Amino acid sequence: MRKSFILLSAIAGLTMVGCNSVSDYKQAEDTINYNDLERYIDDLSDDLYGGRKPFSPEEKLTVDYIAAEFKRIGLEPANNGSYFQEVPMVQVNAKVSDKMVVNLGKESIELVKADEFTAFSRRLVKDNGVENNELVFAGFGVVAPEYNWNDYQNIDVKGKTVVVLVNDPGFYTKKEGFFNGSAMTYYGRWKYKFEEAARQGAAGCIIIHATDAAGYPWGVVRNGLFVPKLYLNSPTNYMERCQLESWWTGDAANKVFAKLGYTVDQLIDMSLKPDFKPFDMNAKVSVSIENSMSQNSSKNVMALLPGTDKADECIIYTGHWDHLGRGPKINGDSIYNGASDNAAAVAWVLEIAEAFKSLKKAPSRSVLFISVTAEEGGLMGSEYYCQNPIFPVEKTVAAFNTDVILFLGKFKDVTVTGFGQSELDDCLAEVAKDHNRYVMADQEPENGMYYRSDHFSFAKVGIPALFAKGYNHVDGQTKEWTKEKISEYWKNTYHKPSDEYVPERDNLDGLVEDSKLMFDLGYRLANSNQFPKWKTGSEFKAIREKK
Ligand SMILES: [Zn+2]
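Written out as structure tokens, the structure reads:
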């Protein structure tokens with residue numbers, strides 16, 4: 083049975099909701115409207131904003147725009163009198179050799195940059211890469227004691243380069259309860275694989291790409307070669323990381339492994355066997371990477387609505403303002419405008435902020451609105467906030483995030499990415515019912531989307547975080563129709579210059595409804611005493627309960 087949340091009952095039949103009369107609540111909700119959302123999206127995804135890349139000349143334009151809107155709405159600056167939180171970062175431009183050479187003794191294979199491999203190093207020093215470095219195949223590159231799994235057992239990879247498969251064993255076996263079945267765990271993420279290889283003392287780590295297992299096509303990995311990388315500042319200069327963090331295409335991997343008598347499919351089968359052992363590839367790899375670094379700081383933009391009697395507790399809304407800036411031309415266009423990703427989420431934050439501010443009486447708990455920076459580079463603005471929060475983590479009740487909004491009209495569903503993680507799912511289900519919508523789980527949990535946007539930064543420090551939006555079921559259309567549109571988006575629009583807002587094509591009714599729904603949920607929670615918890619089995623539960 084579903085656990086019932088006594089947040090606040092449905093509006094019907096009541097004269098008061100929280101501390102406001104029904105009509106006052108309605109009037110605040112009505113400030114959420116199509117025209118406002120459209121104006122924000124149209125403005126922020128205009129070429130004038132140059133794709134909103136942190137450190138670009140257009141950064142100031144973007145953050146000033148958001149701060150000015152918070153001010154116009156009448157919300158307080160959240161950070162000691164300022165709407166901004168400085169996020170100190172370092173930008174790394176990498177010069178990578180055109181070829182990666184794999185020396186197999188009698189012969190060698192030259193892989194072509196961008197078409198067959200990518201290479202970086204996170205180390206903040208000039209010379210990186212590897213030369214004639216021994217290659218070891220290390221299965222999935224995973225050490226997961228809770229699943230009794232250790233790909234690095236019985237092999238010393240210190241100073242060597244490991245080659246690993248993308249995603250986790252659960253993806254391939256689909257066994258329920260084993261690495262979460264087909265849903266991606268953190269063990270399946272590329273980030274984890276690079277981190278684990280570094281913990282093992284490896285000099286390099288190469289991930290074999292596969293579109294279905296990674297959750298995105300090669301183009302997404304490839305594009306990463308052409309844009310500067312951003313990292314939070316680190317006292318260690320990331321010297322604990324590998325000298326080489328790299329990807330091969332599936333074809334490139336097949337080319338190399340063919341010489342050893344394997345296909346990638348065979349490697350997958352072998353790696354899934356309980357008696358799998360990593361093996362020396364009797365091959366050596368060379369590639370050079372020259373990093374040039376520049377220090378800079380970007381900004382999170384933050385506004386606050388102080389609570390009344392529980393002002394020390396807070397609810398957070400986030401939507402990243404940054405996107406990819408300028409990049410390789412596609413169909414003559416080099417500006418990656420990021421309308422769906424994520425001008426629409428900034429609009430969502432601003433509209434919800436305005437609704438909260440329009441309430442006759444502010445809710446009992448405080449509400450914090452953050453448009454974070456550098457999500458695209460690796461969730462850095464949100465990570466920085468979580469390390470330097472305005473409200474203590476244990477007083478932060480929940481974080482709501484949104485990202486990648488489809489402009490397809492109204493949705494029947496509210497899709498929860500990372501469904502089953504926290505009791506926020508149950509709170510949402512209760513509220514969604516009042517909005518004539520139903521909650522469903524992310525249909526492609528194997529993509530690991532829960533680990534790929536800003537809510538994850540909050541989850542990592544234990545704050546229950548929800549990423550929910552209309553996605554899978556457009557009102558008046560079949561799910562199959564919607565599915566087709568979703569796949570078109572990921573194929574043709576995601577992280578491309580064509581992620582633009584076209585008024586005559588796009589329909590923001592869904593975003594209007596999402597904003598009203600998430601305003602309602604936040605409002606009820608901001609007037610409640612409840613601290614929704616992580617569910618049993620969530621990897622974040624222990625972190626929260628330690629606090
Ligand atoms: Zn995004």
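Everything in the sequence shown is counted per the working numbering, starting at 83 for the first residue and increasing by one.
Beta carbons are placed, not taken as given, at the ideal position from N, Cα and C, and that holds for glycine.
Fair warning: this is a prediction, and the values are worked out from it, not measured in the lab.
{"Check": "Just checking, does the region 289 to 298 make contact with the region 154 to 164 on the three C-beta pairs under 8 Å criterion?", "Outcome": "no"}
{"Check": "How is Glu327 classed by DSSP in three states: helix, strand or coil?", "Outcome": "strand"}
{"Check": "For ligand 1, which residues count as neighbours when the test is a C-beta closer than 5 Å to any heavy atom?", "Outcome": "Asp423, Asn424 and Asp485"}
{"Check": "What are the boundary residues of the beta strand (DSSP E) that includes Gln525?", "Outcome": "Run containing Gln525: none; DSSP gives neither H nor E here."}
{"Check": "Between which two residues does the alpha helix (DSSP H) harbouring Glu258 extend?", "Outcome": "Note, Glu258: premise wrong, no alpha helix (DSSP H); not H, not E."}
{"Check": "For Asp39, which residues of its own chain have a beta-carbon under 7 Å away from its beta-carbon, when the five flanking residues on both sides are left out?", "Outcome": "Residue 39 falls outside the range modelled here, since the chain spans only 83 to 629, and no answer is possible."}
{"Check": "Roughly how many whole angstroms lie between the Cα atoms of Leu450 and Leu387?", "Outcome": "6 Å"}
{"Check": "Over the uninterrupted beta strand (DSSP E) stretch that includes Val338, give me the two end residues.", "Outcome": "Element bounds for Val338: not the beta strand (DSSP E) but the alpha helix (DSSP H), Gly332 to Ala340."}
{"Check": "Since I believe Ser597 is in contact with Ile114 (beta carbons under 8 Å), could you give me their beta-carbon distance rounded to a whole number of angstroms?", "Outcome": "5 Å"}
{"Check": "Could you check whether Ala550 and Thr497 sit closer than 8 Å to each other, using their CB atoms as the reference points?", "Outcome": "yes"}
{"Check": "Between which residues of its own chain and Lys61 is the CB-CB distance below 7 Å, once the five residues before and five after are set aside?", "Outcome": "Past the boundaries of the shown model lies residue 61; the chain is included only from 83 to 629, so the question cannot be answered."}
{"Check": "Once DSSP output is grouped into helix, strand and coil, what is the label at Leu119?", "Outcome": "helix"}
{"Check": "Count the other CB atoms, across all protein chains shown, that sit within 10 Å of the CB of Ala189; report buried if there are 16 or more and exposed otherwise.", "Outcome": "Here residue 189 turns out to be Glu, not Ala, going by the sequence shown. Exposed, since its Cβ has fewer than 16 Cβ neighbours within 10 Å."}
{"Check": "How is the alpha helix (DSSP H) around Ala365 delimited, first residue to last?", "Outcome": "First-last for Ala365: Phe361 to Leu387, but that is the beta strand (DSSP E), not the alpha helix (DSSP H)."}
{"Check": "If you follow the alpha helix (DSSP H) that Lys561 is in, where does it begin and where does it stop?", "Outcome": "Lys561 to Glu570"}
{"Check": "Given Lys275, which residues of its chain have a CB within under 7 Å of its CB, disregarding the five upstream and five downstream residues?", "Outcome": "Gly223, Val246, Cys287 and Ile289"}
{"Check": "Where do the ends of the beta strand (DSSP E) carrying Ile289 lie?", "Outcome": "Gly286 to Ile290"}
{"Check": "Look up Asn185 in the DSSP assignment and say whether it is helix, strand or coil.", "Outcome": "strand"}
{"Check": "Report back the beta-carbon spacing between Ala444 and Thr390 to the nearest angstrom; my notes put them in contact at under 8 Å.", "Outcome": "6 Å"}
{"Check": "Excluding the 5 residues flanking Val428 on each side, which residues of the same chain have their C-beta closer than 7 Å to its C-beta?", "Outcome": "Tyr122, Leu126, Ile148, Gly401, Trp403 and Ser453"}
{"Check": "Can the beta-carbon of Val383 be found closer than 8 Å to that of Phe166?", "Outcome": "yes"}
{"Check": "Report the three-state DSSP secondary structure of Ala280 (helix, strand or coil).", "Outcome": "helix"}
{"Check": "Nearest by alpha-carbon distance to Arg304: which of Pro585, Arg626 and Lys578 is it?", "Outcome": "Lys578"}
{"Check": "State the CB to CB distance for the pair Ala201 and Ser380, rounded to an integer number of angstroms; the pair is presumed to be in contact (CB under 8 Å).", "Outcome": "So it is not a contact: roughly 25 Å between Cβ atoms."}
{"Check": "Which residue from Glu457, Asp112 and Ile237 puts its Cα closest to that of Asn483?", "Outcome": "Glu457"}
{"Check": "Kindly indicate which residue of Lys195, Gly259 and Glu278 has the alpha-carbon position closest to the one of Phe308.", "Outcome": "Lys195"}
{"Check": "Taking the C-alpha atoms as reference points, what is the distance between Tyr268 and Asp233?", "Outcome": "15 Å"}
{"Check": "Just to confirm before moving on: does the CB-CB distance between Leu490 and Asn589 stay below 8 Å?", "Outcome": "yes"}
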